[in-house]
Structure formats: structure tokens, C-alpha cells
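Right, one structure below, let's go through it.
In the working numbering, the protein residues as written are 13 to 150.
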């Protein structure tokens, strides 16, 4: 559970862009385990927890722009909805509550930024003028 509700409303640096490969990456933000992963469209940030049995999604893999749990293979789309439960008979509806917790995420200045509380409204991403200076090293 996030303890600092004030900081949860802000954009926080989570990782350097170059640290995120084609494999999911676990980071800790405000004492919360978060998994970062790339899709063909963007970088996504979820709570690092499969709601089925509590496995770390960061130990899984990305397949077809979805993150797949390493334990039972539950597959979550980029909006956090579970789109496949391998143990379920074909044609059976996936329960609507089968979702991963999704955090706002953006990549800018060579950094992946995450906002833990998306209900906080449109908090602007911090301005980082130094990034425009070619002599400045992040």
C-alpha cells in the first residue's frame, strides 16, 4: 500500500529508458513493486502482482503487447485487463474483476516516469531544461 499519498500524485522517475529491454523490469516506487514493460506503442507500468496467485509479473514475459504471468500464464493487455486464462475452457468469459492495477507512465528525457495515483488529475511532467543542453549528463 502506498504510504505517501502526496508524492503518489506526482510524476516520479522510475528508470532510465535504456534500462528497459524487451523483458519486463521490476522497480520500486514509494515502497511499491512496479513492473515496467514495452509494448509496440508505449511503455506500461503495472503493480508487480498477478491478481490470480500473487506472482510477480516482472518474472513473466511480453507476448503480443501483453504481459504474461510466469506462474499460470494469465495474460494482461496494455490496459490491465486479463485477456487470457489458459486453464479456462474456450469461450468462457473472463471475469471483469480480473485486472492488473495500472499506473500512468510516460517516457521523456531518456527517463521512464510513473504516477502512482492517476486520480490526481493532470499533473504536468516536470520540466527538465538540462536535457536540452548537450553537455549535461543525466
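Don't be surprised by glycine CBs; every beta carbon is placed ideally from N, CA and C.
Check	Outcome
Residue burial classification, residue 65 (beta-carbon count within 10 angstroms, cutoff 16)	exposed
Presumed contact (8 Å Cβ cut-off) between residue 112 and residue 69, rounded CB distance	7 Å
Opposing strand residues paired with residue 116 [DSSP bridges]	127
Inter-residue Cα distance where the pair is residue 110 and residue 96	10 Å
Neighbourhood of residue 99 by C-beta distance below 7 Å, restricted to the same chain and skipping five residues each side	84
Given 8 Å, three or more beta-carbon pairs between the stretch 130-142 and the stretch 53-62	no
Straight-line Cα distance separating residue 76 from residue 144	34 Å
7 Å Cβ cutoff met for residue 46 and residue 54	no
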